[in-house]
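**Student:**
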Amino acid sequence: MNDFREYAGSRRAALRRTAYLLCGDWHQADDLVQDALAGLFVHWRRVRAGGDVDPYVRRMLVNGYLATHRRKWRREVATAELPDTAVADPHDDGTRDVLLRALARLHPSQRAVVVLRYWEDLSVEQTAAALGCSTGNVKSQASRGLAHLREALARSGALEGELT
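Under the UniProt record's numbering, the residue at position 93 of the sequence shown is numbered 93, and the numbers go up by one with no gaps.
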């Protein structure tokens, strides 16, 4: 099981970033990653023997994220008021926050497609496999999701170039 520890240790930060982009909440992202790694541990030998582990874990993250939207009444709901005040990032011109808020407003399936295609840099085929849908669905969801993001950025005045 040392190889599982090595995998989990080396991939946890990247998985957490992907999970955050999916759900928009660091605590929920931690929960998604923890659940995915716990599930991976149970099936580690089979998954590792099958080849590349990342697509399997990525699918677990997406399924866990989408499940939270299907069963919202079973989860805790975070409040809008935080006990601490946020510290502004001196390197952020505000585009990051606008983009994250726009990403949060996407439909969960559009958000999953956009994150997998443009953050994880998966191909259309790999994204379709991760989500268990057709390549045409990935293309249409990506197109709609990017259109929503472009519109949000244009409204905020943050859109200088084009999203690809």
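Positions of the beta carbon are idealized from the N, C-alpha and C atoms, including for glycine.
Go ahead and label Leu103 buried or exposed: buried means 16 or more other beta carbons lie within 10 angstroms of its beta carbon, across all protein chains shown.
**Tutor:** So Leu103 ends up on the buried side.
**Student:** Who are the Cβ neighbours of Tyr56 in its own chain at under 6 Å, not counting the five residues just before and after it?
**Tutor:** Within the same chain, Tyr56 has close Cβ partners Val47.
**Student:** Does DSSP put His43 in a helix, in a strand, or in coil?
**Tutor:** Coil at His43, not helix or strand.
**Student:** I'd like to check one pair, Gly9 with Leu32: are the Cβ atoms closer than 7 Å?
**Tutor:** No, the Cβ-Cβ distance between Leu32 and Gly9 is not below 7 Å.
**Student:** Quick check on Ala128: buried or exposed, where buried means 16 or more other Cβ atoms within 10 Å of its Cβ?
**Tutor:** When all chains shown are included, Ala128 counts as buried.
**Student:** For the alpha helix (DSSP H) that contains Ser10, what are its first and last residues?
**Tutor:** Segment Asn2 to Cys23, the alpha helix (DSSP H) holding Ser10.
**Student:** Just to check, is the beta-carbon of Glu6 closer than 6 Å to a non-hydrogen atom of the ligand NAD?
**Tutor:** Absence of the ligand NAD from the depicted structure is noted, as is the absence of any ligand whatsoever, leaving it without description.
**Student:** Please report the straight-line C-alpha distance between Ala130 and Asp30, rounded to a whole angstrom.
**Tutor:** Roughly 20 Å separates the two Cα atoms.
**Student:** Do Pro108 and Leu146 have their C-beta atoms within less than 7 Å of each other?
**Tutor:** No, the pair does not count as a contact, with Cβ atoms beyond the cut-off.
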